[in-house]
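Residues in the sequence shown are numbered consecutively from 344, following the working numbering.
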Amino acid sequence: MSSGPTFSVWDYVVFTLMLVISAGIGVYYAFAGGGQSSSADFLVGGRSMTAVPVALSLTASFMSAITVLGTPVEVYQYGAIFILICFSYALMVAVSSEIFLPIFYRLGITSTYEYLEMRYNKVIRLFGTVLFIIQTVLYTGLVIYAPALALNQVTGVDLWGAVMSTGVVCTLYCTLGGLKAVVWTDVFQVGIILAGLLAVIIQSVILQGGISTIISDSSQGGRLNLWDFDPNPLRRHTFWSITVGGTFLWTSVYGINQAQVQRYISCKSLFHAKMALYINLVSLWAISLCSVFCGLCLYSIYKNCDPWTAKKVSAQDQLMPYLVLDILSEYPGLPGLFVAAAYSGTLSTVSSSVNALAAVTITDLMRPYLSLSERQLSWASKGMSVFYGAVCIGMAGLASLMGGMLQAAISIVGVVGGPLLGLFSLGILFPCANTKGGLAGLLSGLVLSLWVCIGAQIYPPQPENSRPLPLTTHDCNFSMAPDGTNWTTNMDHLTMKEENQQRPFLADNWYSLSYLYFGPLGTVTVIAVGLIISILSGGRQMKLQPGLTLSKEDLTCYKVYNVLKEKVSIDFIVHIYVCMCIYIHIYIYMYIYICVCVCVYVYIYIYIYILLGPRKKSF
């Protein structure tokens, strides 16, 4: 822990004000418009929301404190290549808005997993619901605990006080105001997140003498490593792992995750739902660019004296709070603004999770089996919000067992989200898929994803695969090695070399797979196994209820074609029709093609390097 500047009274005032306003929004929506009189009002906002607030809520739901604190550190240690995730966001929005959103909105479901019973059966629906609950509780525990620990170590903010205040405030406005309170609180919190990041960027630019200095320092330090096209799936971050793996990861979040789908369904029309997704893309880009540039600022300021190596912080997740107190402590309230930004991310994610958990519990686990009135369901929804708020606070204690915030969070989402994405994709894109194929595929994908993820936790990848960039300390005022090398990184390398003597063969091959491929691995396994089992078990003779699979009428391009058909000449229509066909292939078949390519590539890799083993050099 640093002995430098700490929180001032004004910082606490700013932080407390953010919590009070967030709680106040919940209280307002508890009574506005007659309150939350039904479960539909509480869970999906009466299906009356408009595009802009839903778009900002979509952004806030998964742009948590892990983004505010973890992404800059990722850039500081590994370089700005992570900005390529913006390509993944664009592909994700295209796939989600054209493939998944039309199906869910047309069916008018409250829980995403209602679709699984319509398409497969009740067992698969329950299986999907339980997986979602486990995934969300684990992820939310990490979201609550990790930033609280980082801020506690640097700013002195009480650890469990921060954890409890986060959980209690979230539970309060979720329980009182339902989805409308969650959405409008998210809108407020997105503004706080951007303000906190911009405060750090502006002050860093002033201190360093301009943006060009920060870019120059980052370039000289190797942080502008944007274009790495190495196809090796063991490399932690490359163009392919971030764009392909990131597309699968974020599609599992924005395409099928209950917290996001619940927001689409709350919109008053399909047009508003699609517009919310595309507006959300702009805000995702804005926050990602700001957080990545914060990482470059972090490196530019500490390029000659790494606080982590210098033992001024005990973990890398504390670097951003340390920077904030270092450069903003002279401006009362600004450190509090950044902490408010970090906790705004936490509040938005936790509230979204609690509301989604309540929705799936009521819709999937209670309503089908209990005869309850609308008023009773409304009270049960509020009770579930209180229950899951308490559970998530309790789970926060387990988060200390995780590694770095960003990678741990993405691993949790990928391991469960990948197989679930495969299950939904199988049902929506392939009419021949049946219940046997869906269940077999889901189990196979889940087992494979868990196997590689648990293996990676036990045997972390070697430095040649993770490839951390050098950090120096030659300008630090403390006693250490004369060459200013990064002893922390070196000790990690030495530890790994000692462990190398006992590492099994799979540790440096299968378990070293980039964490961004955990999701795609589960998705393509579910689709591949599901298709094979479905075809072998007579899936091609199956007759489906209309509306459960994707049709041309669901595509935006087809709707545009029909509008133009009525207003322009036949020749022009033919030209537009050809263009629309290409458009369809880009949106739909590109997604299937990527699934197949990733599947083939990964399984060829497994066969060559794991089953056959690496070839020994002959002399």
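Glycine residues also receive a C-beta, built at the ideal position from the N, C-alpha and C atoms.
With a cutoff of 8 Å on beta-carbon distance, Thr-594 and Pro-762 are scored as not near each other.
The straight-line gap separating the alpha-carbon atoms of Asp-560 and Ala-653 is approximately 20 Å. DSSP lists Met-392 as the bridge partner or partners of Cys-610. In this structure, Cys-513 lies near Ser-694, with their beta-carbon atoms less than 8 Å apart.
Sequence-distant partners of Gly-539 (beyond 5 residues in either direction) whose C-beta falls short of 6 Å from its own C-beta, in its chain, are Leu-680, Phe-681, Ala-684.
Counting C-beta atoms within 10 angstroms of its own C-beta, Arg-883 has fewer than 16 neighbours from the protein chains shown and is therefore classed as exposed.
Annotation: the continuous alpha helix (DSSP H) that includes Cys-517 extends over 502-551.
In this chain, the alpha helix (DSSP H) harbouring Ser-562 covers 554-563. At a Cβ-Cβ threshold of 8 Å, His-615 and Thr-393 count as neighbours. Here Thr-479 has Ser-696, Ala-699, Leu-700 as same chain residues with Cβ atoms under 7 Å from its own Cβ, once five neighbours each way along the sequence are excluded. Met-618 and Ile-801 have their alpha carbons spaced roughly 43 Å apart.
Counting of Cβ neighbours within 10 angstroms places Ile-875 among the exposed residues, the total staying below 16. Take Tyr-448, set aside five residues on each side of it, and the residues of its chain with a beta-carbon closer than 7 Å to its own are Tyr-607, Ile-608, Leu-613, Ala-616, in chain order. If you look at Phe-572, you'll find it isn't in any alpha helix (DSSP H); DSSP assigns it neither H nor E. Lys-655 has its alpha-carbon roughly 10 Å from the corresponding atom of Cys-648. The C-alpha of Ile-644 is placed about 8 Å away from the C-alpha of Ser-547.
Judged by beta-carbon spacing, Ile-878 lies within the 8 Å limit of Cys-775, meaning their Cβ atoms are closer than that value.
Note on geometry: alpha-carbon atoms of Ile-409 and Met-663 lie some 11 Å from one another.
Note on geometry: alpha-carbon atoms of Leu-399 and Leu-537 lie some 12 Å from one another. About 6 Å separates the beta carbons of Asp-707 and Arg-468, which is inside the 8 Å limit, making them a contact pair. Comparing C-alpha distances from Pro-811 to each of Gln-551, Gln-420, Ser-584 shows the shortest one belongs to Gln-420. Judged by DSSP in its simplified three-state form, Cys-429 adopts helix. Here Met-885 is exposed: its Cβ has fewer than 16 other Cβ atoms, across all protein chains shown, within 10 Å. The straight-line gap separating the alpha-carbon atoms of Val-587 and Tyr-432 is approximately 11 Å. Non-local C-beta neighbours of Leu-793 in its own chain, meaning closer than 7 Å and more than five positions away in sequence, comprise Val-758, ordered along the chain.
Between the alpha carbons of Pro-806 and Ser-855 lies a gap of roughly 10 Å. Contact between Met-727 and Gly-484 is absent: CB atoms are separated by about 17 Å, not below the 8 Å threshold.
DSSP, reduced to helix, strand and coil, places Arg-579 outside both helices and strands of the structure shown, so it counts as coil. Of the other Cβ atoms in all chains shown, fewer than 16 fall within 10 Å of the Cβ of Tyr-712; this residue is therefore exposed. Excluding residues up to 5 positions away in sequence, Ile-446, Arg-449, Leu-450 lie with their Cβ nearer than 8 Å to the Cβ of Gly-890 in the same chain. Between Val-506 and Ile-736, the C-beta gap is smaller than 8 Å, which places the two residues in contact. Taking all protein chains shown into account, Thr-359 has fewer than 16 neighbouring C-beta atoms within 10 Å of its C-beta and is therefore exposed. Judged by DSSP secondary structure, Asp-669 falls within the alpha helix (DSSP H) whose first and last residues are 662-671. Phe-475 and Leu-791 have their C-alpha atoms some 17 Å from each other.
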